[in-house]
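Chemist:
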Amino acid sequence: MRLAQWYHQYGEAGTEQAVKRYAGAYEKAQVTVQWRPGNYDQQTAAALLTDSGPDVFEVNGPSLDQIQGGQVEDLTALLDGVKSDFNPAVLAPKMYQGKVYGIPQTVDMQMLYYRKSMLRDAGVEPPRTLDELVDAARKLSNSKVKGLFLGNDGGAGVLGGTPLYAAGLQLVTEDGKVGFDDPAAARALGKLRELYAGKALLLGAPTDWSDPSAFLQGLTAMQWSGLWALPQVQKELGDDFGVLPFPGEGSQGKPTVPVGAYGAAVSARSRHKEAAKEYVKWLWVERTDYQEDFALGYGFHIPARISLAKKAGKLRTGAAADAVRFATEHGYAQPLLWTPASQTAYQDALSRIIKDGANPESELRGVVRKVSAELDRVKHTS
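So the sequence shown is residues 1 to 382, counted in the UniProt record's numbering.
What follows is the structure in structure tokens.
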């Protein structure tokens, strides 16, 4: 029997060979791996509507539309007895009405990197609150160095809902309502405007937030970036750096980091659904050796299984161990009910607040209205 499996193109050398090696080791079916460059999400969305698509595919979802449209199989049974070992923050968006539609493969996360020597020289402590972050960024800025880099757009693109979670709020509540209809939201977003207006942010850097170059070249004392940057930062700065979650804001606030995961899913159009599920269980539930290899053998990701993340050698010390702790204790993922329309409404408002100084209260009122209507729409579809 033949099964077709799709992956998006990873930039990390060796990953493609590794996933083909895993597939080749499976004895119950002949698994053909397709490595798909280009706009992967569009390719899979289109393929799910035809009979020529993959049986098994990785997905930055599945999306609510794919689940409600019956395009992906229910994989709940594959996690019998091990569900609690998967990082709950990344498993939650792969669940709908109590059923699991994607098995998380690895956890990616973002966090704040800071240069210990620069903070020490300026007499600044690592920031634990959003006010302290604003203050630190100002004190660390001078003619040569900016205090903080949140991306060339001032942070609207990368931060997304992170400041809301840091204020103790959510994008969508457990019962499917708007989770940030609260004065604390406007206060938190207003502080991002303070950072921008106070000229403490690095803007117009040669590379964007996902690349640590600005931090490594000493253009900024602190930078928001991904876990994937850690090996490069460690190699170039040794122990002259530390990592932090996004700091909490206000009395209800808490430190927070965004996490996400590609998941393995099975197409409802597969001619071999049961065999495809069996293969997914073998690879992403049973073969923990492959799961650890996939996470840490080529790039730098956290295994989706809590037990693996705790015992992986590369994650047991220093900043890597801190990152695992942040992801486990402070991680949030975009909720399944947070649709592209809601994301666009929020993102546009956040950009206007940060860059144009638009009024946070009135901007958020408009977003709450739009998101509320969007949540009503998706609830009526189910």
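Don't be surprised by glycine CBs; every beta carbon is placed ideally from N, CA and C. Note that the coordinates shown come from a computational prediction; the quantities given were computed from them, not determined experimentally.
Since residue 109 sits in a beta bridge, which residues does DSSP pair it with?
Modeler: 259
Chemist: Where do the ends of the alpha helix (DSSP H) carrying residue 381 lie?
Modeler: 360 to 381
Chemist: The alpha helix (DSSP H) that contains residue 320, what's its start and end?
Modeler: 318 to 330
Chemist: What first and last residue would you give for the alpha helix (DSSP H) that runs through residue 193?
Modeler: 183 to 197
Chemist: Comparing C-alpha positions only, which one of 35, 68, 132 and 260 sits nearest to residue 11?
Modeler: 35
Chemist: Can you find at least 3 beta carbon pairs, one from the segment 301 to 320 and one from the segment 94 to 101, that sit closer than 8 Å?
Modeler: no
Chemist: With DSSP as the reference, label residue 128 as helix, strand or coil.
Modeler: coil
Chemist: Once DSSP output is grouped into helix, strand and coil, what is the label at residue 338?
Modeler: coil
Chemist: Excluding five sequence neighbours on each side, which residues of the same chain lie with their C-beta closer than 7 Å to the C-beta of residue 288?
Modeler: 305 and 308
Chemist: With which residues is residue 220 paired in a DSSP beta bridge?
Modeler: 146
Chemist: Note the first and the last residue of the continuous beta strand (DSSP E) segment covering residue 3.
Modeler: 2 to 8
Chemist: Does the Cβ-Cβ distance between residue 185 and residue 159 come in under 9 Å?
Modeler: no
Chemist: Can you tell which of 126, 48 and 264 has its C-alpha closest to the C-alpha of residue 221?
Modeler: 126
Chemist: Closest to residue 63 by CA distance: which of 111, 42, 81 and 17 is it?
Modeler: 42
Chemist: Please report the distance separating the alpha-carbon of residue 199 from that of residue 253.
Modeler: The straight-line gap from Cα to Cα measures roughly 25 Å.
Chemist: DSSP three-state label for residue 114, please.
Modeler: strand
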